[in-house]
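**Q**
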Amino acid sequence: PALSGSWYAATYAAGRFVVLGHGAVVATSRNAITWSSHRVPAGSWQSVAYGAGKFVALSSVNAGLNEMTSSDGVHWSARPGPAGEWTGLTYGAGRFLAVSAFGQLITSTDGVHWRITWSRSQFLLNSVAYGNGRFVAADSADGDALISLNGINWSFYPISTPGTPWY
81 PALSGSWYAA TYAAGRFVVL GHGAVVATSR NAITWSSHRV PAGSWQSVAY
131 GAGKFVALSS VNAGLNEMTS SDGVHWSARP GPAGEWTGLT YGAGRFLAVS
181 AFGQLITSTD GVHWRITWSR SQFLLNSVAY GNGRFVAADS ADGDALISLN
231 GINWSFYPIS TPGTPWY
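According to the numbering used here, the sequence shown holds residues 81 to 247 in order.
1) For N230, which residues from the same chain have a beta carbon less than 7 Å from its beta carbon, with the 5 sequence-adjacent residues on both sides left out?
2) Taking its Cβ as the centre, do 16 or more other Cβ atoms sit within 10 Å of Q126, making it buried, or is it exposed?
3) Which first and last residues belong to the beta strand (DSSP E) in which W115 is found?
4) At the level of alpha carbons, what is the spacing between P238 and S201?
5) Taking the Cβ atom as the reference point for each residue, do Y130 and A94 lie within a distance shorter than 8 Å?
6) Between V120 and V106, which are expected to be in contact by the criterion C-beta below 8 Å, what is the C-beta distance as a whole number of angstroms?
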């Protein structure tokens, strides 16, 4: 049966696909064909990643409970997390890295304790990924990219015609 929902983020780890969105439900699947829904703390969950033995989701709305974690992708618990409106999250090089639409980047090695590592309000960062030894964050304001080898120090690269947004 089809599951209904407004899904905003997906990840695959520990043998399970996990999708989540704005609401109180996550969907999981072992094969991406048959899905199960699971109740979670209500929130505007817009990013999810797996690392350091856990799934971590962050809220896109600055609310009381900004983070939820799970060891299996099915059972989640919410907690006060990093304040902000987080739009993208990834894991690589031993750290979680989140971006916001207000140009902030935060990192955590355990998915619980976060620190701001970069902030430039002119960037509208909506997504971030890790691969091939690099973090890449996309700017939806001007279509630029931020690239980092360690998640702390960043370089700016224009990747499109000015004014062309990337999401």
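We treat Cβ as the ideally placed atom computed from N, Cα and C, and that holds for glycine.
**A** To lay it out plainly:
1) Residue numbering aside, residue 230 sits at position 150 when the sequence shown is read from its first letter. Cβ within range, chain order: A173.
2) In the sequence shown, residue 126 corresponds to position 46, counting from 1. Under this definition Q126 is a buried residue.
3) Working through the sequence shown from its first residue, we reach residue 115 at position 35. Element bounds for W115: n/a, residue is neither H nor E.
4) Within the sequence shown, residue 238 is the residue found at index 158, counting from 1. Within the sequence shown, residue 201 is the residue found at index 121, counting from 1. For P238 and S201, the distance between alpha carbons rounds to 17 Å.
5) Start at 1 with the first residue of the sequence shown, and residue 130 comes out as number 50. Start at 1 with the first residue of the sequence shown, and residue 94 comes out as number 14. Yes; because the gap between Cβ atoms is below 8 Å, this pair is in contact.
6) Indexing the sequence shown from 1 puts residue 120 at position 40. Indexing the sequence shown from 1 puts residue 106 at position 26. That belief holds up - the Cβ atoms of V120 and V106 are roughly 5 Å apart, short of 8 Å.
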